[in-house]
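Going by the numbering used here, the residue at position 262 of the sequence shown is 262; the numbering climbs one at a time, nothing skipped. Scroll down for the structure; my scribbles are underneath it.
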Amino acid sequence: MDLSSVSEELAELEGQINDLFRALSNGFQKLEKIKDANRQSRQLEELTDKMRDCKSLIKDFDREVKSLEGGNDASTNRMLNDRRQSMVKELNSYVALKKKYSSNLASNNKRVDLFDGPAEDHMEENVLLASNMTNQELMNKGNSMMDDTDQAIERGKKIVQETINVGTDTSAALKAQTDQMSRVVNELDSIHFSLKKASKLVKEIGRQVATDKCIMAFLFLIVIGVIAIIIVKIVNPNNKDIRDIPGLAPPAMNRRLLWNHY
């Protein structure tokens, strides 16, 4: 069913959403062929902006559907809701793809070596030193190295714990900011939708005023014409080119007859 028969605005919104879906599909196909991590990241950012625009348009589509529910029959409302659900489902599929690629990029960028192996020249030097040490010296040296290793591990644990704590605090702050931004975006969407409805109402009022002005001008011309005919008929009552106005000519004739009678 063509949505233009229901609402031109719904048809326009559906066209814009379908254009974004095609752009997202082509964008993810292109992303699969990109090997460079930086280019992949830039491509994901562009796709994320398109998904954000698509989400905003779907919200406008949903609001317009709800505003038209009272004037549509049950089958039309069911069809419009099915269209909206299909759009949401397709957008969610692209969101899942975006999360998948983002996760892969994050895992590739966070490969960190916790311990560095000794260089070959250092290993050879340690072997030469060990060959000149007694067993007790070797044991003392080994114990000292293990103590240093334990201390390094403890320091590593503290660093990891501090990192986790910082990450938790950052995640909470980001979540709060995200919720706040989401509320702001929803309020902006509502304001944008209200402005669009107000603009349509102003246009309709303007068309009605223009129509009323045309009618008033036409009536004014008719009144002017009638007045002109009455004036001409009064000034020159014998003018045969102008028909007698009902209710005007007979009284004049009756007065003339009464005058002649007396």
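The C-beta atom is built at its ideal place from N, Cα and C for all residues, glycine as well.
Residues near Glu12 by beta carbon distance below 6 Å, same chain, minus five either side: Within the same chain, no residue comes within 6 Å of Glu12 by CB-CB distance, once the 5 residues on both sides are set aside.
Collapsed DSSP secondary structure at Lys35 in the structure displayed: If DSSP states are grouped into helix, strand and coil, Lys35 belongs with coil.
Cβ neighbours of Glu46 in the same chain (closer than 8 Å, five flanking residues each side left out): Only Gly27 meet the Cβ criterion.
C-beta atoms of Met87 and Ile17 nearer than 8 Å: The Cβ atoms of Met87 and Ile17 lie closer than 8 Å to each other.
Sub-8 Å separation of Ser39 and Phe61 beta-carbons: Looking at the sequence shown, residue 39 is not Ser but Arg. No; because the gap between Cβ atoms is not below 8 Å, this pair is not in contact.
Secondary structure of Asp150, DSSP reduced to three states: Helix at Asp150.
Val95 to Gln29 span [Cα, whole Å]: The alpha-carbon of Val95 is positioned some 14 Å away from that of Gln29.
Environment of Glu8 [buried if 16+ CB atoms lie within 10 Å]: Around the beta carbon of Glu8, a 10 Å sphere encloses fewer than 16 other beta carbons of the protein chains shown; the residue is thus reported as exposed.
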